[in-house]
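Colleague: Under our numbering, residue 331 is the last one in the sequence shown; the count climbs by one each step, no gaps. The beta-carbon is built from N, C-alpha and C at its ideal position, and this holds for glycine as well.
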Amino acid sequence: MRIILLGPPGAGKGTQARLIAEHYGIALISTGDMLRDAVNAGTALGKKANAYMTEGRLVPDNVIIEIVMERITAPDCKTGFLLDGFPRTLAQAQALRKASIVIDYIINIRVDDTHIVERMEGRRVHPQSGRVYHLKYNPPANLNKDDITGEPLIQREDDKQETIKKRLSIHHEQTTPLLNYFTEWSETDSDAPYFSDIDGVGSVKEVSQRLLSTLEGRSLGFETITDTNFDTLVEMHPLLVIIFTAKWCNPCHALIKTCVKLAKEYPDVVFGAIDVDEQPSLVEEFDVQSVPAVMVLRERVVIFAETGLLLPSALRSLLKRAKSLKA
Ligand code: AP5
5 MRIILLGPPG
15 AGKGTQARLI
25 AEHYGIALIS
35 TGDMLRDAVN
45 AGTALGKKAN
55 AYMTEGRLVP
65 DNVIIEIVME
75 RITAPDCKTG
85 FLLDGFPRTL
95 AQAQALRKAS
105 IVIDYIINIR
115 VDDTHIVERM
125 EGRRVHPQSG
135 RVYHLKYNPP
145 ANLNKDDITG
155 EPLIQREDDK
165 QETIKKRLSI
175 HHEQTTPLLN
185 YFTEWSETDS
195 DAPYFSDIDG
205 VGSVKEVSQR
215 LLSTLEGRSL
225 GFETITDTNF
235 DTLVEMHPLL
245 VIIFTAKWCN
255 PCHALIKTCV
265 KLAKEYPDVV
275 FGAIDVDEQP
285 SLVEEFDVQS
295 VPAVMVLRER
305 VVIFAETGLL
315 LPSALRSLLK
325 RAKSLKA
């Protein structure tokens, strides 16, 4: 799974990125952390980046594009990665697309400026690991000490009030075109990453749940179908598309993207998923290999789809058949 987290400085990208990368066992790539490591190590990159970062400006595109492109070819990125802090400009987004790097999800974390200032002023970090705390919202167990190592926490150089304002204004300038770019891409290209935004205000746990459920398709109107709710769901919904899935696997995400698009065209259709590992009795009853793709059950029309059915056109024609059966 390949994910990009977008959002203003201090939106909680780094906090969520750690949790999500750990949850999916994928590599976490934070351009901010990479640059700060380079500054601390006094490398040529660090020397180049330091002045930009301290002033709250963006490091030049060519520098950042090169380090990200190199990083994502590392072996730990083979199973997937999460990009935190990249892309941040149109040029960076275009470079990613031009290099044909497949991205599954782009999620923008929305937080308004008043919350941001409070979050950044109260932020404390453990520079060696990149672990992030907040004096009020996510405090360490012992004041100013990292929970794991007990080492001192610091306030980031760029978390001073003047720099915060500068970073926010740069963000607003750069982000609107970036968000428009991703919206347009996702609406015009069936291979585009799934693009969505979530509300970043709430506790860290609430925001992670929103993020996870968006990633897992559950907040996209997907019903989780079990043997206990199957009958009720069929009776409740005149047209139900059921997808057989194994733990929201990768091909399934592609199918979910297709369904999300089609859900806009067919507002009366309800989408649901049966986890084949958890619902063996339903799998036996409606064996996806042998059931017809469209069938009438208890006077309702149900479409069964398997994860191989990835094309919007194929699902669209099943929906047309289902509609004619319903009529
Ligand atoms: P970077 O480190 O990426 O900074 P940023 O994008 O400005 O984001 P932050 O790290 O400030 O915030 P965050 O969204 O990760 O929030 P966090 O989880 O820490 O970049 C630093 C600099 O490097 C840039 O200014 C630039 O110079 C350069 N750079 C990096 N990438 C670049 C690129 N692609 N191109 C060019 N230059 C680049 O949370 C913030 C605080 O809020 C924490 O204290 C946290 O505990 C708290 N918090 C988190 N979630 C919640 C919650 N739900 N409720 C309450 N508090 C919360």
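Please determine, among His175, Gly14 and Thr230, the residue with the shortest C-alpha to C-alpha distance to Tyr141.
Modeller: Out of His175, Gly14 and Thr230, Gly14 has the C-alpha closest to the C-alpha of Tyr141.
Colleague: Can you tell me which of the three DSSP states Pro79 falls into?
Modeller: Residue state, collapsed to three classes: helix.
Colleague: Could you pull the start and end residues of the alpha helix (DSSP H) that Gly407 belongs to?
Modeller: What is shown of the chain runs 5 to 331, which leaves residue 407 out entirely.
Colleague: For Asn112, count neighbouring Cβ atoms within 10 angstroms of its own Cβ and tell me buried if that reaches 16, exposed if not.
Modeller: With 16 or more Cβ atoms within 10 Å of its Cβ, Asn112 is classed as buried.
Colleague: When you compare only the Cα positions, how much space is there between Glu74 and Gly18?
Modeller: Spanning the two alpha carbons is a distance of roughly 21 angstroms.
Colleague: Just checking Lys17 against the ligand AP5 - is the residue's beta carbon closer than 7 angstroms to any of the ligand's heavy atoms?
Modeller: Lys17 Cβ: within cutoff of the ligand AP5.
Colleague: Below 7 angstroms CB to CB, which residues in the same chain sit around Phe290 once its five sequence neighbours on both sides are set aside?
Modeller: Answer for Phe290: Phe308, listed in chain order.
Colleague: Contact check, Val115 vs Gly60 under 8 angstroms by CB: the rounded distance?
Modeller: Not confirmed; about 17 angstroms, so no contact.
Colleague: Can you tell me where the beta strand (DSSP E) with Ser34 in it begins and where it stops?
Modeller: Counting along the chain, the beta strand (DSSP E) containing Ser34 begins and ends at Ala31 to Ser34.
Colleague: Per the contact definition of three or more C-beta pairs closer than 8 angstroms, is the region 117-126 in contact with the region 158-170?
Modeller: Contact between the region 158-170 and the region 117-126 is present, because at least three Cβ pairs lie under 8 angstroms.
Colleague: Let me check you understand the geometry: is the CB of Arg127 closer than 7 angstroms to at least one non-hydrogen atom of the ligand SAM?
Modeller: What this structure holds is the ligand AP5, not the ligand SAM.
Colleague: Could you give the residue range of the beta strand (DSSP E) that holds Tyr137?
Modeller: Per DSSP, Tyr137 belongs to the beta strand (DSSP E) from Arg135 to His138.
Colleague: Identify whether His119 lies in helix, strand or coil by the three-state DSSP scheme.
Modeller: Helix.
Colleague: I'd like to know whether the C-beta atoms of Gln283 and Thr218 end up nearer to each other than 8 angstroms.
Modeller: Cβ atoms of Gln283 and Thr218: not closer than 8 angstroms.
Colleague: Helix, strand or coil for Ile174? Go by DSSP, reduced to three states.
Modeller: Note: Ile174 maps to helix in three-state DSSP.
Colleague: How far does the alpha helix (DSSP H) with Tyr56 in it extend, from its first residue to its last?
Modeller: Where Tyr56 is concerned, the enclosing alpha helix (DSSP H) stretches over Ala48 to Thr58.
Colleague: Count the other CB atoms, across all protein chains shown, that sit within 10 Å of the CB of Ala55; report buried if there are 16 or more and exposed otherwise.
Modeller: By the neighbour-count rule (16 or more Cβ atoms within 10 Å), Ala55 is not buried but exposed.
Colleague: Taking 7 angstroms as the cut-off, is the CB of Phe90 close to at least one heavy atom of the ligand AP5?
Modeller: Checking every heavy atom of the ligand AP5 against the Cβ of Phe90, one is found closer than 7 angstroms.
Colleague: Note down the Cα distance separating Ile24 from Ile30, rounded to an integer number of angstroms.
Modeller: Straight-line Cα distance between these residues: approximately 8 angstroms.
Colleague: Hey, out of Ser317, Ile69 and Lys170, whose CA is closest to Asp91's CA?
Modeller: At residue 91 the sequence reads Pro, which differs from the Asp that was named. Looking at the Cα atoms, Ile69 is the closest of the given residues.
Colleague: Going along the chain, which residues of its own chain have a beta-carbon closer than 7 angstroms to the beta-carbon of Ser285, five neighbours each way excluded?
Modeller: Once the five neighbours on either side are set aside, the close Cβ partners of Ser285 are Asp231.
Colleague: Taking the alpha-carbon of Asp151 as reference, which of Trp189, His130 and Val72 has the nearest alpha-carbon?
Modeller: The candidate whose alpha carbon is nearest that of Asp151 is His130.
Colleague: I'd like the span of the beta strand (DSSP E) that includes Met299, first residue to last.
Modeller: Here the beta strand (DSSP E) through Met299 covers Val298 to Leu301.
Colleague: If we ignore side chains and look at the alpha-carbon of each, how far apart do Thr228 and Glu239 end up?
Modeller: Using only the alpha carbons, I get a separation of about 15 angstroms.
Colleague: His176: buried (16+ other C-beta within 10 angstroms of its C-beta) or exposed?
Modeller: Exposed.
Colleague: Give me the residue from Leu301, Cys263 and Val305 with the minimum Cα distance to Leu401.
Modeller: Any question about residue 401 goes unanswered here, given that the chain covers just 5 to 331.
Colleague: Hey, how far is the Cα of Gln20 from the Cα of Leu237?
Modeller: Between Gln20 and Leu237, the C-alpha separation is close to 33 angstroms.
Colleague: Could you pull out every unbroken beta strand (DSSP E) segment of at least 3 residues lying fully inside the region 165-215, listed in chain order?
Modeller: Taking only runs of at least 3 residues, the beta strand (DSSP E) segments lying wholly in the region 165-215 are 198-203.
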